[in-house]
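Asks: Numbering-wise (this note's numbering), the sequence shown opens with residue 81 and increments by one.
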Amino acid sequence: MATDNVLGEFLKARRGRVPPTKAAGATPGRRRVPGLRREELARLAGISEPYLTRLEQGVDRHPSPQVLQALTRALELDDDASAYLCALARPDSVPPPEPGVAPDVRQLLDSWPGSPAYVRNRRFDVLAANKPARALAPMYGPGHNLARDVFLDPGARRLFPDWPRIAAQTAAALRAEADPRDPRTARLVAELEADADFRRLWARHDARPSRDELKRFAHPEAGELALRRQTLTVGGAEQQVIIVYQAVPGSPSAAALDRLL
81 MATDNVLGEF
91 LKARRGRVPP
101 TKAAGATPGR
111 RRVPGLRREE
121 LARLAGISEP
131 YLTRLEQGVD
141 RHPSPQVLQA
151 LTRALELDDD
161 ASAYLCALAR
171 PDSVPPPEPG
181 VAPDVRQLLD
191 SWPGSPAYVR
201 NRRFDVLAAN
211 KPARALAPMY
221 GPGHNLARDV
231 FLDPGARRLF
241 PDWPRIAAQT
251 AAALRAEADP
261 RDPRTARLVA
271 ELEADADFRR
281 LWARHDARPS
291 RDELKRFAHP
301 EAGELALRRQ
311 TLTVGGAEQQ
321 VIIVYQAVPG
331 SPSAAALDRL
341 L
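Below is the structure:
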């Protein structure tokens, strides 16, 4: 996202991840590039190589739905990556102004005294949080950026026992959800690229929005917790989501969360 040719960079990166054996007529032996050559992808997708070159170079940025479908099939993209590809191909527009957190949403957060909950935007900036979220981790407090803390705060690597998986999910979700046309997103990515783990994961061009999942914590005071994360879209503000963590009632994690709160 530090480049204005995000569509072309995505196509080139994902082309490099398709085994050459997928292309009929691929020549054996050493190859200068990983994955498919440009002409091989064009042949698989049923488009001309000059047109694919224009797409990768950013000369043509808005392929038709039929071309996108063909590229999705040829690049073996899953549903999330396909949706991201289609988003990149939409005509450029000025990102809308970001709304503030509505009072009723803040009231909703505070109505969950036993569940850590916060609001973030699609650039992973934390906009509002209840007291349990701030007790669970400083990174869940307003003013923090979750992606920045995951990769640049050493404390995050101690907080998450499954840090490699969390890091991969964070990079993929940031790519899938953040607006690549937003200069603030580009500045964030440029800052994160100081970290070698982020550079490696970002270069994969994985795109996968946040999912509801079980997340493990190694809290310095409460000990180990396993909390179920739920992701809720804020009504009328697609740029914002609510993240809520809950423990199974009666579980050791629920007891640990009670001690923390």
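Backbone N, C-alpha and C fix where the C-beta goes; we use that ideal spot for every residue, glycine too.
1. For M81, count the other beta carbons within 10 Å of its own beta carbon; 16 or more makes it buried, fewer makes it exposed. Which is it?
2. Tell me whether P100 sits in a helix, a strand or coil according to DSSP, three-state version.
3. Apart from the five residues just before and just after D242, which ones in its own chain have a Cβ nearer than 7 Å to its Cβ?
4. Work out the CA separation of A154 and P332 for me, nearest whole Å.
5. Assuming R288 contacts D160 under a Cβ cut-off of 8 Å, what Cβ separation, rounded to an integer in Å, is found between them?
6. Tell me whether E304 sits in a helix, a strand or coil according to DSSP, three-state version.
7. If you check the beta carbons only, do D275 and F231 fall under 8 Å apart?
8. Taking three-plus beta-carbon pairs below 8 Å as touching, is the stretch 204–224 in contact with the stretch 125–132?
9. Starting from Q319, follow the alpha helix (DSSP H) in both directions and report where the run begins and ends.
10. Rounding to the nearest angstrom, what Cα-Cα distance links A335 and A298 in this structure?
11. Output needed for P222: all residues of its chain with C-beta closer than 7 Å, excluding positions within five of it in sequence on either side, in chain order.
12. Go through its chain and collect everything with a Cβ distance to P114's Cβ below 8 Å, but skip five positions before and after it.
13. Measuring alpha carbon to alpha carbon, tell me which residue in L281, L307 and Q137 is nearest N85.
14. Which residue wins for smallest C-alpha separation from R245, given the options A93, F278 and P145?
15. Under 6 Å Cβ to Cβ from K92, same chain only, skipping five residues before and after it: list those, please.
16. Determine the burial state of D286: buried for a count of at least 16 other Cβ atoms within 10 Å of its Cβ, exposed for fewer.
17. Threshold first: 4 residues or longer. Then list the alpha helix (DSSP H) segments lying entirely within the stretch 124–178, N to C.
Replies: If we stick to the structure as given:
1. Note that M81 has pLDDT 48, beneath the 50 cutoff, so the model's placement of it is unreliable and no number is given.
2. Under the three-state reduction of DSSP, P100 is assigned to helix.
3. Counting only Cβ-Cβ distances below 7 Å, and skipping sequence neighbours, we find R296.
4. Cα to Cα, the separation comes out at about 47 Å.
5. In this structure R288 touches D160 by the C-beta definition: roughly 5 Å separates them, less than 8 Å.
6. E304: strand per DSSP, three-state reduction.
7. Inclusion of D275 and F231 in the CB contact set at 8 Å is warranted, their separation being smaller than that value.
8. With the rule of 3 Cβ pairs closer than 8 Å, the stretch 204–224 does not count as touching the stretch 125–132.
9. In this chain, Q319 is not harboured by any alpha helix (DSSP H), its DSSP state being neither H nor E.
10. Cα to Cα, the separation comes out at about 14 Å.
11. Take P222, set aside five residues on each side of it, and the residues of its chain with a beta-carbon closer than 7 Å to its own are V206, L207, A208 and A209, in chain order.
12. A distance below 8 Å between beta-carbons, with the five flanking residues on each side excluded, links P114 to the following residues of its chain, in chain order: G96 and R97.
13. Ranking L281, L307 and Q137 by Cα distance to N85 puts Q137 first.
14. A check of alpha carbon separations from R245 across A93, F278 and P145 identifies F278 as the nearest.
15. These residues qualify, in order along the chain: E136.
16. Around the CB of D286, 16 or more other CB atoms lie within 10 Å, so the residue is classed as buried.
17. Listed in chain order, they are 129–137, 145–154 and 159–169.
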